[in-house]
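Everything on this sheet refers to the single structure shown next.
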Amino acid sequence: MDDASNSSTPDNPPVRGWVTVALLLLAATLANAVLEPYVSITSQAMLYVLVIVIAAYRLDWVQSAVCAVGAVTSLNFFFVPPRWTFEVENREHLIALAVMLVVALVISHLASSVRRESVHAALSERRARQLQALATRLANVTTPAEVLDLGQQALDKAFAGPNMLFLTLDGTDLATTEWNSKIQDGLRCCMNESAVLGPGTGRWPGLNAWYLPLGEKKHMLGAACVQPALASDNDGREHAQALIALLAQAVRRVRLSAKVQAAQIEAQRQHLQGTFLAAVSHDLRTPLAAIVGAASSLQTQNEKLSPDERHRLLGSIVSEATYLSTLTENTLQLVRLNSSAQTLRRDWESVEEIVGAVLTRIRQRDPGRRIKSKVPPGLPLIKADPVLLAQLISNLLDNALTYSQGEIELSVGVREQSLDMAVKDRGPGIDEAEQELIFEPYRRGDQSGPRGAGLGLALCRAIAVAHGGSLIVRRRTGGGSNFMVTLPIDEQPPEQELP
Amino acid sequence: MSLKVLVVEDDREIRALMQSSLSVEGMEVQTAVSLSEARALLQHKPPDVVVLDLGLPDGDGADLVRELRKQRATPVIVVSARHQEAQKIALLDAGADDYLTKPFSVGELLARIRVALRHRGTSLAAAVTCHELEDLRVDLAAHRVERDGVALHLTPTAFNLLARLVRSVGRVVTHRQLLTDVWGAEFVDHTHYLRLYMAQLRAKIERDPAEPRHLLTETGVGYRLADV
Chain H
8 MDDASNSSTP DNPPVRGWVT VALLLLAATL ANAVLEPYVS ITSQAMLYVL VIVIAAYRLD
68 WVQSAVCAVG AVTSLNFFFV PPRWTFEVEN REHLIALAVM LVVALVISHL ASSVRRESVH
128 AALSERRARQ LQALATRLAN VTTPAEVLDL GQQALDKAFA GPNMLFLTLD GTDLATTEWN
188 SKIQDGLRCC MNESAVLGPG TGRWPGLNAW YLPLGEKKHM LGAACVQPAL ASDNDGREHA
248 QALIALLAQA VRRVRLSAKV QAAQIEAQRQ HLQGTFLAAV SHDLRTPLAA IVGAASSLQT
308 QNEKLSPDER HRLLGSIVSE ATYLSTLTEN TLQLVRLNSS AQTLRRDWES VEEIVGAVLT
368 RIRQRDPGRR IKSKVPPGLP LIKADPVLLA QLISNLLDNA LTYSQGEIEL SVGVREQSLD
428 MAVKDRGPGI DEAEQELIFE PYRRGDQSGP RGAGLGLALC RAIAVAHGGS LIVRRRTGGG
488 SNFMVTLPID EQPPEQELP
Chain P
3 MSLKVLVVED DREIRALMQS SLSVEGMEVQ TAVSLSEARA LLQHKPPDVV VLDLGLPDGD
63 GADLVRELRK QRATPVIVVS ARHQEAQKIA LLDAGADDYL TKPFSVGELL ARIRVALRHR
123 GTSLAAAVTC HELEDLRVDL AAHRVERDGV ALHLTPTAFN LLARLVRSVG RVVTHRQLLT
183 DVWGAEFVDH THYLRLYMAQ LRAKIERDPA EPRHLLTETG VGYRLADV
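So the sequences go chain by chain: H and P. Remember, this note's numbering sits 7 above the position in the first sequence when you count from 1. Remember, this note's numbering sits 2 above the position in the second sequence when you count from 1.
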């Protein structure tokens, strides 16, 4: 039996009660017959009173009253002289029997009302506890589905059922539920009227269940059907209403917080997109202007230009276009990495090789060989996307070439379970306050100033993070920056005998 | 007789640019804007070299390369954008000879065409068996590798790997091709063998293994033995 159930003792049906009455009377009578030679009639009467008290304690009022009458009658019939008749010859006996009958009836009435009250008190306490427990558990839910789940459990615990709980979530249609049309009608009707229907409510008293709405008229959130429902069981109905009110509150809270979250994400996205577009267009405009300027100058003033000037203009067209190409590539790559639809194409890669390939390419921009690389032999292989890793190293070196003069140091080393890569320059360095900000894609709102290098670094960090690693920058003692990449070293491929 | 180049490219500007810069070099340039047009031209008037753009409107070009390989050894140079990495490798594995990544300079395009033509008809002409560039000298027939005139000792596998690159000198050889030809078709996924043996080779052959002069890495694609 459910511990908060309101139904009276369905496992103690009347038949069993009557059988108990009969057994109790029979047992008392037999015991008295056995004890008769040794005890007086007063003790025999007391034995019957004991039976009456037991019956009053265990059985309902009618049964215990019948038991009381039966006990007095039995005493009279079997033991009060003249025996084997209902006659009473002695006046004293008559008075004793009458008093005993009255006492028996009073006892049984008192006992059964005490019992009813204690059952009622226990039920109320269980219900209060259930409400409290439900409120605590609902405080932690984050989705309407969880509310539905907890709500159904609570109703089933409190009422024998079958109970139905329906939430008008995400346009769920009542007609698609598997409940019969009578229940569907009841739920729909109580939502329309936003009032409790069923026995004892004055609305549709003929129903065999209570239909309770979740929420108010304008914000109807759902409805519940609770059984069994008795018109007299006001407490039960109130408990059902209290449960439903808790559920409605939880649904409202969950919905509200979901809305707030969605709004925050959307606002953030729009802000990001806005600054992104502003910065990209700023970074596109400058090189485009340079290209158009140089190209149109060659087109219209070709004859007037000296070979040196022509050469310079052509060089600027090529370098600006190359810059645009890199910018586009970085932007696309960053968008792809962030959209997370891109899966890395990872394979066993040698960092030595990738660094070598990047250096071969970047030396064209580094004729003075400012980049000094220190890559020890025998580095462990790492599981990485080679193209992205090359882009990371290339962006870091490119930045160092652009923003610093003097020597640039590229070093790779192994530390415990990670591979550390560092690009150190002797440029102006980065203030501590800026050391995190420079990795954010286009945080600059203003469109003035030098062309942005921010996107390249944002991509570098995104690549490191996508590989389970990190990228940070620190000031070097003696000036300049130290960009440090850390990549995890996976378990090495099996060192089997190579064929 | 001048060289015939077929340029398959759907962008008008790039097509025009390639046509003019190749014509200036004395080549006879045909152009096609789609794979179907390219197929017709290949049947009708076989070129000496094909420059094939990826991302054509009517297919990805791999079929075209396979069809072409059934009949001739005409060199195919694939032109791809950065994000078409996988497609590019598929075409190289299908038998294309080399690739160029957009944006590329005219100089790079001409260099690729020159290398591709040098290998033209390797099946007919004597295969490359000797390679010499600066400090490195490889003689496949004599099984001899020298740096600065000093013979190097290579393990058989390392030698086979180098030999495979020498036979395609100047051209990219994909990971898959190297693994298949040196170790066998069942080893195509064992990229780490390749990394370990290349590191070994570089350590022997290169002056500065961290910044190689000969054994060039084509990141994510394969390796190339430098020829210039």
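We put the CB at the ideal spot given by N, CA and C, even for glycine. On a predicted model such as this, the values are computed, not experimentally measured, just so you know.
Which of helix, strand or coil DSSP assigns to residue i
| i | result |
| --- | --- |
| Lys381 (chain H) | strand |
| Pro235 (chain H) | coil |
| Ser488 (chain H) | strand |
| Pro151 (chain H) | helix |
| Gly452 (chain H) | Unreliable positioning characterises Gly452 (chain H) in this predicted model, as indicated by a pLDDT of 42, which lies under 50. The coordinate reading is nonetheless provided below. The answer is coil: DSSP assigns Gly452 (chain H) none of H, G, I, E or B. |
| His133 (chain P) | strand |
| Tyr225 (chain P) | strand |
| Gly243 (chain H) | helix |
| Gln442 (chain H) | coil |
| Pro158 (chain P) | helix |
| Ile61 (chain H) | helix |
| Glu15 (chain P) | helix |
| Phe86 (chain H) | helix |
| Met428 (chain H) | strand |
| Glu39 (chain P) | helix |
| Ser12 (chain H) | Its pLDDT being 45, under 50, Ser12 (chain H) is placed unreliably in this model, and the value from its coordinates should be taken loosely. Of the three classes helix, strand and coil, the one that applies to Ser12 (chain H) here is coil, per DSSP. |
| Arg215 (chain P) | coil |
| Thr493 (chain H) | strand |
| Asp5 (chain H) | Outside the modelled stretch of chain H, which goes from 8 to 506, sits residue 5 (chain H), for which no answer is possible. |
is_contact[residue i, chain B] using C-beta, thresh 9 Å
| i | result |
| --- | --- |
| Glu359 (chain H) | The displayed structure is made up of protein chains H and P, and chain B is not among them. |
Sub-9 Å separation of residue i and residue j beta-carbons
| i | j | result |
| --- | --- | --- |
| Val31 (chain P) | Ser25 (chain P) | yes |
| Leu102 (chain P) | Leu111 (chain P) | yes |
| Asn187 (chain H) | Val233 (chain H) | no |
| Arg69 (chain P) | Arg41 (chain P) | According to the sequence as given, residue 69 (chain P) is Glu; it is not Arg. A contact, by the Cβ cut-off of 9 Å. |
| Arg197 (chain P) | Glu360 (chain H) | yes |
| Tyr195 (chain P) | Leu181 (chain P) | yes |
| Lys47 (chain P) | Lys72 (chain P) | no |
| Val147 (chain P) | Arg166 (chain P) | no |
| Gly463 (chain H) | Asp432 (chain H) | no |
| Ala391 (chain H) | His474 (chain H) | yes |
| Leu66 (chain P) | Leu44 (chain P) | yes |
| His121 (chain P) | Ser82 (chain P) | no |
| Val78 (chain P) | Ala34 (chain P) | no |
| Pro495 (chain H) | Gln424 (chain H) | yes |
| Ala469 (chain H) | Asn345 (chain H) | yes |
| Leu135 (chain P) | Asp13 (chain P) | no |
| Asn39 (chain H) | Leu54 (chain H) | yes |
| Leu295 (chain H) | Ser304 (chain H) | no |
| Glu447 (chain H) | Leu396 (chain H) | no |
| Ile415 (chain H) | Arg377 (chain H) | yes |
Contact set for residue i: own chain, Cβ-Cβ below 6 Å, skip 5 residues either direction
| i | result |
| --- | --- |
| Phe490 (chain H) | Leu403, Val430 and Val480 |
| Glu11 (chain P) | Arg17 and Asp55 |
| Thr131 (chain P) | Leu142 and Ala143 |
| Ser455 (chain H) | Confidence at Ser455 (chain H) is low in this model, with a pLDDT of 47, below 50, so its placement is unreliable and no value can be given for it. |
Other residues of its chain near residue i: CB distance less than 7 Å, five sequence neighbours each side excluded
| i | result |
| --- | --- |
| Ala328 (chain H) | Ile298 |
| Gly222 (chain P) | Glu87 |
| Ala230 (chain H) | Phe173, Leu194, Cys197, Met198, Tyr218, Leu219, Pro220 and Leu221 |
| Trp68 (chain H) | Ser115, His116 and Ser119 |
Sequence-distant residues of the same chain with beta carbon closer than 8 Å to residue i, five excluded per side
| i | result |
| --- | --- |
| Ala62 (chain H) | Thr27, Val28, Leu31, Gln70, Ser71, Cys74, Ala75 and Ser115 |
| Ala201 (chain P) | Pro211 |
| Gly452 (chain H) | Reliability fails at Gly452 (chain H), whose pLDDT of 42 lies under 50, so the model's placement of it is uncertain and no value is given. |
| Ala127 (chain P) | Confidence is the limiting factor: at Ala127 (chain P) the pLDDT is only 48, short of 50, which leaves the residue's position unreliable, though a coordinate-based value still follows. Answer for Ala127 (chain P): no residue qualifies. |
| Leu155 (chain H) | Leu172, Leu174 and Leu176 |
| Glu200 (chain H) | Arg210 and Pro220 |
Selection of the stretch 375-393 of chain H by Cβ proximity to chain P, strictly under 7 Å = Ser380, Val382, Pro384, Leu388 and Pro393
Contact set between the stretch 415-432 of chain H and chain P, restricted to residues whose Cβ is under 7 Å from the partner | none
4 or more residues per run - each alpha helix (DSSP H) lying fully within the stretch 390-414 of chain H = 393-410, all fully within the stretch 390-414 of chain H.
Runs of alpha helix (DSSP H) lying entirely within the stretch 188-222 of chain H, each at least 4 residues, in chain order = You should have 188-200.
Starting from the N-terminal side, write out each stretch of the beta strand (DSSP E) that is 3 residues or longer and does not extend beyond the stretch 79-127 of chain P.
-> 100-103
Give, in chain order, every residue of the stretch 84-103 of chain P whose Cβ lies closer than 9 Å to some Cβ of chain H.
-> The residues in question are Arg84, His85, Glu87 and Ala88.
Closer than 8 Å, Cβ to Cβ, to anything on chain H: give me those residues from the stretch 211-224 of chain P, in chain order.
-> Pro211, Ala212, Glu213, Pro214, Leu218, Thr219, Glu220, Thr221 and Gly222
What are the residues of the stretch 177-194 of chain P that lie near chain H, defined by any Cβ-Cβ distance shorter than 7 Å?
-> If you check each beta-carbon in the stretch 177-194 of chain P against every beta-carbon of chain H, the ones closer than 7 Å belong to Trp185, Thr193 and His194.
Can you give me, in chain order, the residues of the stretch 15-29 of chain P that have a beta carbon less than 7 Å from any beta carbon in chain H?
-> none
What are the complete beta strand (DSSP E) segments, minimum 3 residues, inside the stretch 225-313 of chain H?
-> 227-233
The stretch 131-162 of chain P: positions lying closer than 8 Å to chain H by Cβ = Thr159
Closer than 9 Å, Cβ to Cβ, to anything on chain P: give me those residues from the stretch 302-314 of chain H, in chain order.
-> When C-beta distances to chain P are compared with 9 Å, every residue of the stretch 302-314 of chain H stays at or above that value.
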